[in-house]
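2 protein chains.
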Amino acid sequence: MSQHTKILLEESEIPTHWYNVIADMPNPPSPYLAPDGTQVPADAMMAIFAPDLVEQEFSTQRWIEIPTEIREIYRLWRPSPLFRAQRLETILGTPAKIYYKYEGVSPSGSHKSNSAIAQAYYNKIAGITRLTTETGAGQWGSALSLAGSMFGLTVRVYMVKVSYDQKPFRRSMMQTWGAEVLPSPTTLTESGRTILANDPHSPGSLGIAISEAVEEAASRKDTNYTLGSVLNHVLLHQTVIGLETRKQLEKVGDYPDIIFAPCGGGSNVGGMMFPFLADKAAGKQIRLVAVEPTSCPTLTRGRYAYDYGDSMGLTPLMNMYTLGHDFMPPGIHAGGLRYHGDSALVSQLYHEGILEAQAVAQLATFKAGIQFAKAEGIIPAPESNHAICAAIDEALRCKETGEAKTILFTLSGHGHFDMSAYDKYLNNELDDLIYPEAALQASLSNLPIVSS
Amino acid sequence: MSQHTKILLEESEIPTHWYNVIADMPNPPSPYLAPDGTQVPADAMMAIFAPDLVEQEFSTQRWIEIPTEIREIYRLWRPSPLFRAQRLETILGTPAKIYYKYEGVSPSGSHKSNSAIAQAYYNKIAGITRLTTETGAGQWGSALSLAGSMFGLTVRVYMVKVSYDQKPFRRSMMQTWGAEVLPSPTTLTESGRTILANDPHSPGSLGIAISEAVEEAASRKDTNYTLGSVLNHVLLHQTVIGLETRKQLEKVGDYPDIIFAPCGGGSNVGGMMFPFLADKAAGKQIRLVAVEPTSCPTLTRGRYAYDYGDSMGLTPLMNMYTLGHDFMPPGIHAGGLRYHGDSALVSQLYHEGILEAQAVAQLATFKAGIQFAKAEGIIPAPESNHAICAAIDEALRCKETGEAKTILFTLSGHGHFDMSAYDKYLNNELDDLIYPEAALQASLSNLPIVSS
């Protein structure tokens, strides 16, 4: 075995610029709209986001420089390793080569830190001292708590109450980094009080937690709000993943035929795939496949339409694939993929046929994740198992056809805080949790009407 | 900031040989004895250990080649990174340089995998198909489960019942890699049945679990027993830690003035420090400090005497620092350091003044661990916090004296499966858990008498 198992880069090879896909999209991105059809101005976003982040949200510049202060923190775990899954290939008996980019090496355990560090930095230099956010499964809340401790910012995380109770270790992780974690709904915000007045025992939801975090940020000058996916600037920050991967593959003289990434709000898809898009436009044969859960099939079953980003209808309207903002996805364990909508950029590129999508069912993802863990050691996050499942299926197709394809996927995080899900799977207590078709049709028929 | 944050090595720089400290010790190691004072022959160990491991246990050869098959698996996470803790140095305001070798990058999350992979391999080539072991906190059980899945061996882990119930996620981790995990005491062994007959609700202990695992291995030809620390061959395998660290420091032109490692059974101490011992013998100024809990102060308060390795008195007698084999350490959260004895090699080198030791209290270790996490990101295992605490104290002494020392410590694992301990600390529910002096004196007065 003379090849590398891990392909590493030097710290000096951490990208100096993020790649902004907007510069290379065939069509400009759809604007954010108010319900009356007017465009939402950048200024309106300044109330809760740092100016540099709002500028990035609307920038058409191809390369955006990564400040030294952010690259210094990235050095704690970046460049992240690219692995050649030789043991998995042998076990599958496939002629395909399988590579995976491992983002679980960040202290918070997932790719989320790539944007959290950037968002904390830009808020810090804008004179902001406090950040709010929401978290469900806990990956984003953990990443922002870490980022807050790196830049000396106070972080308040509204954690969906049912997760707060069920995932005490994610909560302790955030608290270890100094964050304040509150079970949402709280009595601290109007949104929370309204919910609690109707249901004193509300288990909370991501939509409610977003409303609380946004409301607090909007009401305080020293405080801004942060979001872990969906928005253009978040996907921009994540492009370090794909940029590093390109360099790593070049080092071993390889290039992917097909890339898989798990897809919830789109930050993994954008982060890994956007840096490969220009090649595709230039005629390179490469397939880019977003993998989502069958229980929350935004791209594969949703409608391309203007909809709210949150379930309460507080955000601007975004042109995206959506299951309807009041679609309630079943309680699958890949909590990071339980989102009714998707990044507007990912949605548009999918709509234009540049990205592909496929949906996989929960049980198949855990089966794939365990096969991966036994071969490669790392126990993946349930979200990552979606990409693994699709990659293994592709490798097995290659075995049938004899094609020696190069398959690449993003291993977005480890599963150390998701072992209860593995436990349930191993004890045959999980199923595929299909949503009722009638509920999907109902939420799709309830999309906001945009007057124009 | 032009220096490296992480000092990395290529996979080709994974050590090709383990370093056997016995070749360079001023005196030969004390033999293992039976209670009648006769030397325990190597043959007797063959009943439960693979022949190559027994050979390593008694070898006096300085360098022992690492088989390719083991190095291939090491490549999944080795060489592990050496970090320069620049952010921590800045926060402490110390002129000292602080380096840490991070072993938490292994899939099982600690240094334990270095020996587990080797032990599984040697058993595999000896025709063994099943391995047994015990686990308390779960780091060793996890490492062996991973190793079993890598070499296709069946692994049965006797997990102390109270840990089995309190640490379900460690259990799920082992099961994900395919291991069978049983709450000990079980009814499957004579040892377990004896205990249960006396106390049907026994919470178990490491001593009982060892007895069960040894008994099963002794009774089956296809099955061997494995141990995660204490024995010479285990410490031998861990020397990859120190060997890599030497190379990494050479790359940046540095050399440690003082090294700290957490000390339970001694595998961290041996793994990091043994490769620096020859330098010390050659006159190099370097201090090597084992850090243990004040609640289980084997080196700092124990007696250097022949004692059993387990609480039931089934193992050979080893000449080591011991608190007495029936000493019951308080339930501190650094479970890996709750051992009444210590490696015979570490004990002898400490007795001869070559290694030093210091004890730190539980609360101070968590305070240090959280300070480290906020500065460097990684949340450490409670065991590792002992080394961190001592390193920070040393760095603060340097601040007072103005000495620009080079401090090195082993960050032996991450704390992702120990967040309940952090939670308790953050909620002021932990204390220092000092053992009663009378209990220590009682167990010290109950050491076995070796006739000679």
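Chain order of the listed sequences is U and D.
Heads up: the first sequence at position 296 corresponds to 395 in the working numbering, and the numbers run straight through without jumps.
Heads up: the second sequence at position 257 corresponds to 356 in the working numbering, and the numbers run straight through without jumps.
The beta carbon of each residue, even a glycine, is placed where N, CA and C say it ideally should be.
- Run the CB neighbour count on U/L326, radius 10 Å, all protein chains shown included, and call it buried at 16 or more, exposed below. Locating residue 326 of chain U in the first sequence gives position 227, counting from the first residue. By the neighbour-count rule (16 or more Cβ atoms within 10 Å), U/L326 is buried.
- Message: Counting only Cβ pairs nearer than 8 Å, list the residues of chain D close to U/S271.
- Response: Against the first sequence, residue 271 of chain U aligns to sequence position 172. Neighbours of U/S271 on chain D, chain order: M518, S519, Y521, D522 and L525.
- Buried or exposed by the 16-neighbour rule on C-beta atoms within 10 Å, applied to U/R496: What you label residue 496 of chain U is simply residue 397 of the first sequence in a count that begins at 1. In summary, U/R496 is exposed, with fewer than 16 beta-carbon neighbours lying within 10 Å of its beta-carbon over all protein chains present.
- Query: Going straight from the alpha carbon of D/V120 to that of D/L335, what length do you get?
  - Reply: As a first step, residue 120 of chain D is located in the second sequence; it is residue number 21 there, counting from the start. As a first step, residue 335 of chain D is located in the second sequence; it is residue number 236 there, counting from the start. The alpha-carbon atoms of D/V120 and D/L335 are separated by roughly 8 Å.
- Three-way DSSP call (helix, strand, coil) for D/P374 in this model: Sequence index remark: in the second sequence, residue 374 of chain D carries index 275 (1-based). Helix, per DSSP.
- Check each candidate in U/W176, U/R186, U/F182 and U/Q185 and name the one with the smallest Cα separation from D/L182. Counted from its first residue, the second sequence places residue 182 of chain D at position 83. For the record, residue 182 of chain D in the displayed sequence is Phe; it is not Leu. Just measuring C-alpha positions, the residue of U/W176, U/R186, U/F182 and U/Q185 sitting nearest D/F182 is U/W176.
- Message: So for D/G501, helix, strand or coil by DSSP?
- Response: Reading the second sequence from its first residue, position 402 is the one you call residue 501 of chain D. D/G501 falls in the coil class under three-state DSSP.
- Query: Which class does U/E536 belong to by DSSP, given the choice of helix, strand or coil?
  - Reply: Counted from its first residue, the first sequence places residue 536 of chain U at position 437. Here U/E536 sits in helix by DSSP.
- Task: Check each residue of the segment 469 to 486 of chain U: if its Cβ is closer than 9 Å to any Cβ of chain D, include it; give the result in chain order.
- Result: Interface annotation for the segment 469 to 486 of chain U against chain D: I469, A472, K473, A474, E475, G476, I477 and I478, criterion Cβ-Cβ distance under 9 Å.
- Message: Within 10 Å of its beta-carbon, does D/T464 have 16 or more other beta-carbons around it, so buried, or fewer, so exposed?
- Response: Position 365 of the second sequence, counted from the first residue, corresponds to residue 464 of chain D. Result: buried.
- Query: Taking DSSP as the reference, what is the three-state secondary structure of D/K211?
  - Reply: Here residue 211 of chain D refers to the residue found at position 112 of the second sequence. Three-state DSSP puts D/K211 in coil, outside helix and strand.
- Item | Other residues of its chain near D/H450: CB distance less than 8 Å, five sequence neighbours each side excluded | The count along the second sequence starts at 1 and reaches residue 450 of chain D at position 351. Closer than 8 Å at the Cβ level, and outside the excluded window around D/H450, lie Y403 and Y420.
- Item | Opposing strand residues paired with U/P282 [DSSP bridges] | As a working note, residue 282 of chain U is residue 183 in the first sequence. In the DSSP assignment, the residues bridged to U/P282 are U/M258.
- For the putative contact between U/E343 and U/V388, defined by C-beta atoms under 8 Å, what is the C-beta separation to the nearest angstrom? In the first sequence, counting from the first residue as 1, residue 343 of chain U sits at position 244. In the first sequence, counting from the first residue as 1, residue 388 of chain U sits at position 289. In fact, because the Cβ distance is near 20 Å, the residues do not count as touching under 8 Å.
- Are the CB atoms of D/A317 and D/A146 nearer to each other than 8 Å? By one-based count along the second sequence, residue 317 of chain D stands at place 218. By one-based count along the second sequence, residue 146 of chain D stands at place 47. Going by C-beta atoms, D/A317 is nearer than 8 Å to D/A146.
- Minimum Cβ-Cβ distance from D/S310 to chain U less than 8 Å: Taking the second sequence and counting its residues from 1, the one referred to as residue 310 of chain D is at position 211. D/S310 does not count as touching chain U.
- Query: Closest Cβ-Cβ distance between D/P206 and chain U: below 8 Å?
  - Reply: Residue 206 of chain D sits at position 107 when you count from the first residue of the second sequence. Cβ-Cβ to chain U under 8 Å: yes for D/P206.
- Query: Would DSSP call D/K379 helix, strand or coil?
  - Reply: For the purposes of this step, residue 379 of chain D is taken as residue 280 along the second sequence, with counting starting at 1. In this structure, D/K379 counts as helix in the three-state DSSP scheme.
- Message: If you measure between the beta carbons of D/I357 and D/E493, is that distance less than 8 Å?
- Response: Locating residue 357 of chain D in the second sequence gives position 258, counting from the first residue. Locating residue 493 of chain D in the second sequence gives position 394, counting from the first residue. Result yes, Cβ atoms of D/I357 and D/E493 sit closer than 8 Å.
- Task: Whole angstroms is fine: what's the gap from D/P127's alpha carbon to D/A443's?
- Result: By one-based count along the second sequence, residue 127 of chain D stands at place 28. By one-based count along the second sequence, residue 443 of chain D stands at place 344. Whole-angstrom Cα-Cα distance: 11 Å.
- Proximity test, Cβ basis, 8 Å: U/E110 and chain D: Indexing the first sequence from 1 puts residue 110 of chain U at position 11. Closer than 8 Å: yes.
- D/H103 at chain U interface by Cβ criterion, 8 Å: Working through the second sequence from its first residue, we reach residue 103 of chain D at position 4. The beta-carbon of D/H103 is placed less than 8 Å from the nearest beta-carbon of chain U.
- Task: Using a Cβ-Cβ cut-off of 8 Å, state whether U/S318 counts as contacting chain D.
- Result: Along the first sequence, one-based indexing puts residue 318 of chain U at 219. No, because no Cβ of chain D sits closer than 8 Å to the Cβ of U/S318.
- Please name the residue or residues paired with U/Q79 in a DSSP beta bridge. Nothing in the structure corresponds to residue 79 of chain U, since chain U is present only between 100 and 551.
- What is the rounded straight-line gap between the Cα of D/A537 and the Cα of D/P396? Residue mapping note: residue 537 of chain D aligns to position 438 of the second sequence, counting from 1. Residue mapping note: residue 396 of chain D aligns to position 297 of the second sequence, counting from 1. Between D/A537 and D/P396, the C-alpha separation is close to 14 Å.
- Task: State the start and end residues of the unbroken alpha helix (DSSP H) segment that holds D/M419.
- Result: Translated into the one-based positions of the second sequence, residue 419 of chain D becomes position 320. No alpha helix (DSSP H) holds D/M419; the beta strand (DSSP E) holding it covers L416 to T421.
- Task: Answer with buried or exposed for U/W117, where buried requires no fewer than 16 other C-beta atoms within 10 angstroms of its C-beta.
- Result: Your numbering for residue 117 of chain U matches position 18 in the first sequence. Flag for U/W117 reads buried.
- Task: List the residues that DSSP assigns as beta-bridge partners of U/N323.
- Result: Position 224 of the first sequence holds residue 323 of chain U. Secondary-structure assignment with DSSP links U/N323 through a beta bridge to U/L230.
- Item | Anticipated Cβ contact below 8 Å, D/A490 with D/F359, distance rounded | Within the second sequence, residue 490 of chain D is the residue found at index 391, counting from 1. Within the second sequence, residue 359 of chain D is the residue found at index 260, counting from 1. Confirmed, Cβ separation roughly 5 Å.
- Message: Just to confirm the assignment: which complete beta strand (DSSP E) runs, minimum length 3, are found wholly within the segment 141 to 177 of chain D?
- Response: Scanning the segment 141 to 177 of chain D from its first residue to its last, the whole beta strand (DSSP E) runs of 3-plus residues come out as 162 to 164.
- Item | Boundaries of the alpha helix (DSSP H) in which D/L305 is found, first to last residue | As a working note, residue 305 of chain D is residue 206 in the second sequence. Start and end: L305 to S318.
- Starting from the C-beta of D/L543, find all residues in its chain whose C-beta is less than 6 Å away, skip the five residues before and the five after it, and write them out in chain order. Start at 1 with the first residue of the second sequence, and residue 543 of chain D comes out as number 444. Hits under 6 Å: R402 and G423.
- Item | Best match in U/A380, U/K504 and U/M427 for proximity to U/R539 [C-alpha to C-alpha] | Working through the first sequence from its first residue, we reach residue 539 of chain U at position 440. Position check: residue 539 of chain U holds Leu in this sequence, whereas Arg was assumed. Taking only the C-alpha atoms, the option nearest U/L539 is U/M427.
- Query: If contact means a Cβ-Cβ distance below 7 Å, which residues of the segment 272 to 304 of chain U contact chain D?
  - Reply: Within the segment 272 to 304 of chain U, the residues whose Cβ lies closer than 7 Å to some Cβ of chain D are M272, Q274, T275, W276 and G277, listed in chain order.
- Message: Could you compute how far the alpha carbon of U/L546 sits from the alpha carbon of U/I533?
- Response: Looking up residue 546 of chain U in the first sequence gives position 447. Looking up residue 533 of chain U in the first sequence gives position 434. Distance between U/L546 and U/I533, taken at the CA atoms: about 22 Å.
- Task: Taking C-beta pairs closer than 9 Å, name the residues in chain D that U/L175 reaches, listed in chain order.
- Result: By one-based count along the first sequence, residue 175 of chain U stands at place 76. Within chain D, the C-beta atoms nearer than 9 Å to that of U/L175 come from T104, K105, F182, R186, E475, G476 and I477, in chain order.
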